[in-house]
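Remarks on the structure that follows.
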Amino acid sequence: MNALRRAWETERGRGSVVGLAPSAVAAQVLADDLGIEAENTAKWWDTHVRTGATFRRGQLVIVDEAWVWCRNR
1 MNALRRAWET
11 ERGRGSVVGL
21 APSAVAAQVL
31 ADDLGIEAEN
41 TAKWWDTHVR
51 TGATFRRGQL
61 VIVDEAWVWC
71 RNR
């Protein structure tokens with residue numbers, strides 16, 4: 001993952017990779033792996049809702065351990 005982040009940033013610039021994970025502990029593990037800061041997804045969402053902060057065009061968003069549960073009725 002660190003190699004992917006470095007390659008992406010070489011082409012797109014520093015800060016062009018965002019790491020998100022489902023918990024603070026998972027975010028720290030992802031941050032250690034990527035070599036950049038990563039955030040808890042819920043914290044990022046809260047900031048987005050309150051401030052309107054969002055992703056920028058050209059950013060690579062890495063979501064660690066994303067689980068989607070869908071229930072059809």
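Be aware that the sequence shown starts at 1, since it is given in this note's numbering, and climbs by one per residue.
Backbone N, C-alpha and C fix where the C-beta goes; we use that ideal spot for every residue, glycine too.
Between the CA atoms of residue j and residue i - distance to the nearest angstrom
i: Val25; j: Asn40; result: 8 Å
i: Ile36; j: Thr51; result: 22 Å
i: Arg56; j: Glu9; result: 14 Å
CB-CB length for residue i against residue j, believed under 8 Å
i: Leu20; j: Val49; result: Going by Cβ atoms, the distance from Leu20 to Val49 rounds to 15 Å, so no, they are not a contact pair.
Residue environment, residue i, which counts as buried when at least 16 other CB atoms sit within 10 Å
i: Val17; result: buried
i: Trp74; result: With the chain covering only 1 through 73, there is no way to say anything about residue 74.
i: Ala3; result: exposed
i: Arg73; result: Note that Arg73 scores a pLDDT of 47, beneath 50, so its modelled location is shaky; the value from the coordinates is reported in the next line. The residue in question, Arg73, is exposed, as its Cβ has fewer than 16 Cβ neighbours within 10 Å.
i: Asp64; result: buried
Endpoints, the alpha helix (DSSP H) within which residue i is located
i: Glu11; result: 2 to 12
Start and end residues, beta strand (DSSP E) containing residue i
i: Ala53; result: It is not in any beta strand (DSSP E) - Ala53 carries neither H nor E in the DSSP assignment.
Residue-chain proximity (residue i, chain D), Cβ-Cβ < 8 Å
i: Glu39; result: Judged by its chain identifiers, the structure shown contains no chain D, having just a single protein chain.
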